Amino acid sequence: TQLLEQSPQFLSIQEGENLTVYCNSSSVFSSLQWYRQEPGEGPVLLVTVVTGGEVKKLKRLTFQFGDARKDSSLHITAAQPGDTGLYLCAGALGNKLVFGAGTILRVKS
Amino acid sequence: GAVVSQHPSWVICKSGTSVKIECRSLDFQATTMFWYRQFPKQSLMLMATSNEGSKATYEQGVEKDKFLINHASLTLSTLTVTSAHPEDSSFYICSARVRGLDSSYNEQFFGPGTRLTVL
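These protein sequences, in sequence, are chains A and B.
Residue numbers for the first sequence follow the numbering used here, beginning at 1 and rising by one.
Residue numbers for the second sequence follow the numbering used here, beginning at 1001 and rising by one.
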């Protein structure tokens, strides 16, 4: 059983559509980070959320941290082909990061 | 964000040989670095935590004698895959921990990864 459940695993959508990726856990995290990874490269940090209920926006991406700091969501508005990639959520437990299984997003033009 | 480099970016070796992968923090000092392994289209699996000046802490199921980690300085950690076998072929990624702006949290910044292929 994954400590951090991420869904959906795969998402294939048309350009211009909206989407939401979810990460849920029974554990409380001191912070939660979202990464985007392209094939053959390392993950790139998109955002860190720290406070329960926090909402952060990065252009068309909106990140939310649950009030209890156990869950988070990533919403992308008007997805573009350049958004294609593997999205990973990671919750901080002590010094370590606990990763979700990842969401492979494909945006078709 | 903080920059982490890895070398080599890819390596092909014969079964039974050892391979060393370097992870460097370029513009900051990292007392803690992490080594991950990633299979195609899957998430990252933490192998070990590398602490500067002390022994690495390995995750359950990871053989410390097989995956030797050395964190000799505040900017360099190395992972040596000893007596490599084809099943060790994978994408290895390191990260370095950076304290957040208000020190209330830590962030990890990742290197670009090393693709290891063992023939």
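Beta carbons: idealized from backbone N, C-alpha and C, even for Gly.
Small disclaimer: the values here were computed from a predicted structure and weren't measured.
- The region 11-56 of chain A is shown to contain whole beta strand (DSSP E) runs of 3 or more residues at 19-24, 32-37, 44-49, in chain order.
- Residue-level contact by beta carbon holds for Tyr35(A) and chain B, with a gap shorter than 9 angstroms.
- Within the region 41-61 of chain A, contact with chain B at the beta-carbon level (separation under 7 angstroms) is assigned to Glu41, Gly42, Pro43, Leu45, Thr48, Val50.
- Within chain B, Tyr1105 have C-beta atoms less than 7 angstroms from the C-beta of Ser31(A), given in sequence order.
- Glu1087(B) and Val55(A) have their C-alpha atoms spaced approximately 42 angstroms apart.
- Inter-segment contact for the region 1005-1022 of chain B and the region 1076-1083 of chain B is present: three or more beta-carbon pairs are separated by less than 8 angstroms.
- At a beta-carbon threshold of 8 angstroms, the residues of chain A lying near Arg1097(B) are Asn95, ordered along the chain.
- Bounds of the beta strand (DSSP E) holding Asn1070(B) are 1067-1073.
- Taking all protein chains in view, the Cβ of Pro39(A) is surrounded by fewer than 16 other Cβ atoms within 10 Å, so the residue is classified as exposed.
- Under the three-state reduction of DSSP, Asp71(A) is assigned to strand.
- Comparing alpha carbon positions, the residue from Glu17(A), Thr62(A), Gly94(A) closest to Val28(A) is Gly94(A).
- For His1007(B), the uninterrupted beta strand (DSSP E) segment begins and ends at 1004-1007.
- The beta-carbon distance between Leu32(A) and Ala92(A), rounded to whole angstroms, is 7 angstroms. This is short enough to meet the 8 angstroms contact definition.
- His1071(B) and Glu15(A) have their C-alpha atoms some 45 angstroms from each other.
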